[in-house]
Every structure is written in structure tokens, then in C-alpha cells.
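Numbering (our numbering), first residue to last: 352 to 717. The next block holds one structure in the form of C-alpha cells; read it before the comments.
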């Protein structure tokens with residue numbers, strides 16, 4: 352018996368039982384947040400800053416309600432235009448997706464260059480977590496970047512703005528997008544072109560002939576994440592003024608299965624390429640973001656439409672190893688202008704800007 356020898360217990364306080372850690376999970380206690388302006392906050396760095404893009408699912412169980420953060424960047428000079436930003440040193444800036452789920456336990460699907468759990472308090476917190484993620488290098492379907500919206504080219508949407516991440520394509524993209532915008536946005540994905548017997552509730556078309564089914568989600572926020580699937584991906588706003596969008600997206604790209612019961616040929620598509628802001632100085636070539644998207648895969652008969660969203664004048668000029676080859680050339684076109692070219696022959700086409708030769712893109716025609 353415990354008191355058989357009249358033993359006295361020295362400890363009379365509360366007995367605290369530590370929660371068991373689930374198999375495969377990690378447990379960490381927060382430290383002072385390292386970001387400028389966040390010195391009075393606490394955080395846990397789950398995935399450290401990387402030039403690549405992480406994407407996946409985080410499950411967490413904290414001792415108090417937390418916030419979730421993923422970063423996009425680093426930003427080029429002049430790209431911080433109203434979206435939330437974060438800096439470790441006051442010089443290097445990242446766009447910030449900051450989500451407040453108002454809970455201590457939950458799950459979050461994310462994409463970005465880093466992953467952080469955060470509170471706006473000075474006292475440390477403890478969090479158990481497990482993260483299933485992939486770290487992928489930048490490609491035509493794995494992107495981190497900042498773009499300016501343009502006028503929506505869809506019929507009936509002329510007074511709206513659109514920031515196109517994946518232009519309409521025969522490919523199907525599926526993945527995770529995390530975003531930080533300068534104003535509240537809507538999330539858009541397209542499926543199609545649809546057949547003549549399909550009558551979805553919402554559609555999108557630039558010419559009234561090639562019609563896509565539209566998934567339209569209004570989260571009423573500037574920052575968040577979205578798991579998507581479709582032949583195109585964009586963010587929109589129902590106003591006429593341009594907005595800034597920073598984002599990270601990690602997607603799988605697969606060729607769409609063509610139904611054998613349909614013998615109707617698919618109408619030619621228009622694919623959209625943006626010349627973003629701040630490409631008149633070198634730097635965009637390091638991330639293949641002088642033309643967005645940098646690479647397109649289309650079919651013969653499709654048209655590519657380039658829009659100049661930079662303040663400088665640019666060209667879209669086809670080239671080979673010897674220089675301009677004369678296949679297509681926009682000549683000099685100014686901010687707000689567009690140039691279109693219809694590709695009738697299969698092959699691989701490289702192009703560049705004659706004024707800013709570091710700006711390069713390519714089109715593959717099947």
C-alpha cells in the first residue's frame with residue numbers, strides 16, 4: 352500500500368496527462384514569428400521556403416485556434432500592388448495567403464513556396480500535425496507568380512476582369528491553387544468545349560460557337576485555396592478595374608478522353624497569352640514568365656491571342672536558331688492591345704520580343 356510506511360507526497364498540484372502523439376504525426380511548439388511586422392506573433396514553420404512549389408494536405412491539432420499561411424514568390428520589384436505580403440528582412444517580399452479557419456483542429460489543402468501555422472499572440476502554442484505533400488519544380492502546370500487581370504474576353508462578361516492561369520485547352524488540369532489578390536475575387540474553371548446536347552447552367556464563350564461549361568465559385572475573399580479540375584483555370588472580378596493576383600498552383604495535366612459516341616469535330620479554340628507587367632527589364636526569363644503561359648500545346652486551326660498588360664511596347668515574333676523566320680510577327684503593339692495568329696500547320700514554334708529579346712515563349716501545334 353502506498354501509505355504503508357506513512358509516506359508523505361510532496362507534490363499536491365494538478366496532475367497533467369500529456370496527450371499521446373498519433374502515429375506518423377509530429378509535435379512542435381511555436382517560436383516568435385520571423386516576419387517583419389509579426390514580431391509579437393507565434394508560428395511553426397511546417398515546410399521551409401523553397402524556389403519550388405509545395406502542394407498537398409495539412410492535418411493539424413493545436414492547443415488553441417490558429418491561422419494558416421502559405422507564401423508565393425519572391426515578388427519582383429513593383430509586383431506588390433495591394434495583395435497581402437510578407438518579408439523576412441524588409442527587402443525580399445512574398446505574397447501571403449492568410450487563412451483563419453477559427454479552429455484548433457482541421458485540414459487544409461494548399462499550394463505555395465512555404466507552409467506556416469500561426470497565431471497573433473505572444474505566448475507559444477503546441478501543434479500536432481501531419482502533412483502529405485509534394486515539392487515540384489516549376490513547369491507549365493506547376494507555377495508560382497504574380498499577374499495583372501485583363502478584360503474578360505467572354506461574351507456577356509465585357510465589364511468584368513479576368514486573370515487567366517491556365518488558358519482554355521484540350522488538356523485537363525487538376526490540382527490545388529492558393530491565391531492572394533488585391534481585392535475579393537471569384538474562382539472559375541471551364542470544361543469543354545461542350546457538345547450540342549449539353550445544357551449546363553453556366554457557360555462561357557468568346558465567339559458564341561465554342562462553348563464551355565463554367566464552374567463559378569464566389570468565396571467573397573482575397574485569399575484562400577481551391578481544389579479544381581477543368582480545361583481552364585482563372586480568377587475573376589465583377590468590375591472594370593484591373594486587380595493583382597499572386598498565386599501558386601500545382602496541377603496534373605492529362606489529355607482529355609474523346610468520347611467515341613461523338614463524331615462531331617471540335618470547333619477551333621482561342622488560347623490566351625498575357626504579357627504581364629514589369630517584363631521590360633530582365634528577370635522574367637528565369638521563371639519563364641515573360642509570356643504567361645510560357646508554353647502552349649494546341650491543335651492545328653486554333654488561334655493564339657496575346658495581350659499586352661505591360662506599360663511598355665512589345666512584339667510577338669516567331670524565330671528559329673538563325674533569327675526571325677517570318678511565320679508570324681505582331682510588329683510593335685502597345686499596352687492594352689492584342690495580337691492574334693491562327694496556326695494552320697503542325698510543328699513547334701518559338702517566339703520572342705524583338706525589343707526585349709530575353710522574353711521568349713513557345714507553341715506546340717498537333
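Where is the CB? At the ideal position from N, CA and C, for every residue including glycine. Note that the structure is a prediction, hence the values are computed from the model and not measured.
- Between residue 480 and the set 510, 533, 414, 513, the nearest pair of CA atoms involves 414.
- Annotation for residue 459: the continuous beta strand (DSSP E) segment containing it runs 445-463.
- By the Cβ neighbour-count rule, residue 448 is buried, with 16 or more other Cβ atoms within 10 Å of its own.
- Annotation: the continuous beta strand (DSSP E) that includes residue 577 extends over 562-581.
- In the three-state scheme derived from DSSP, where H, G and I count as helix and E and B as strand, residue 637 is classed as helix.
- For residue 675, the three-state secondary structure derived from DSSP is strand.
- A straight-line Cα-Cα distance of about 42 Å links residue 393 and residue 522.
- In the pairwise beta carbon analysis, the stretch 495-503 is classified as not touching the stretch 560-576: fewer than three pairs are separated by under 8 Å.
- Looking at the backbone, the Cα of residue 621 and that of residue 477 are separated by about 51 Å.
- With at least 16 other beta carbons inside 10 angstroms of its own, residue 574 counts as buried.
- Per the Cβ contact rule, the stretch 486-494 is not in contact with the stretch 537-548 (fewer than 3 Cβ pairs under 8 Å).
- Here residue 657 is near residue 689, since their CB atoms are less than 8 Å apart.
- Secondary structure at residue 371: coil, using DSSP grouped into helix, strand and coil.
- Nearest to residue 639 by alpha-carbon distance, out of 463, 496, 405, is 496.
- Here residue 622 carries a strand assignment [DSSP, helix/strand/coil].
- Partner residues in the beta bridge of residue 654, as assigned by DSSP, are 621, 693.
- For residue 420, the enclosing beta strand (DSSP E) starts and ends at 404-423.
- In this chain, the beta strand (DSSP E) harbouring residue 531 covers 522-542.
- Secondary structure at residue 383: strand, using DSSP grouped into helix, strand and coil.
- Within the stretch 482-523, the runs of beta strand (DSSP E) at least 3 residues long that lie entirely inside it are, in chain order, 493-499, 512-517.
- When the five nearest sequence neighbours on each side are left out, the beta carbons in the same chain lying within less than 6 Å of the beta carbon of residue 441 are those of 387, in order along the chain.
- Rounded to the nearest angstrom, the gap between the Cα atoms of residue 424 and residue 595 is 14 Å.
- Secondary-structure assignment with DSSP links residue 648 through a beta bridge to 715.
- By the C-beta criterion, the stretch 625-643 is judged not to be in contact with the stretch 672-679, since fewer than 3 inter-stretch pairs fall below 8 Å.
- Taking the CA atoms as reference points, residue 469 sits about 6 Å from residue 417.
- When the beta-carbon positions are compared, residue 438 and residue 444 come within less than 8 Å of each other.
- Taken through DSSP and simplified to helix, strand or coil, residue 593 comes out as coil.
- Going by DSSP, residue 642 is part of no beta strand (DSSP E) at all; its letter is neither H nor E.
- Annotation for residue 471: no beta strand (DSSP E) segment contains it, and DSSP assigns it neither H nor E.
- Collapsing the DSSP output to three states places residue 476 in coil.
- At a Cβ-Cβ threshold of 8 Å, residue 372 and residue 378 count as neighbours.
- The alpha-carbon of residue 514 is positioned some 42 Å away from that of residue 374.
- Counting C-beta atoms within 10 angstroms of its own C-beta, residue 660 has 16 or more neighbours from the protein chains shown and is therefore classed as buried.
- Distances from the CA of residue 713 to each of 683, 687, 671, 682 were compared; the closest alpha carbon is that of 671.
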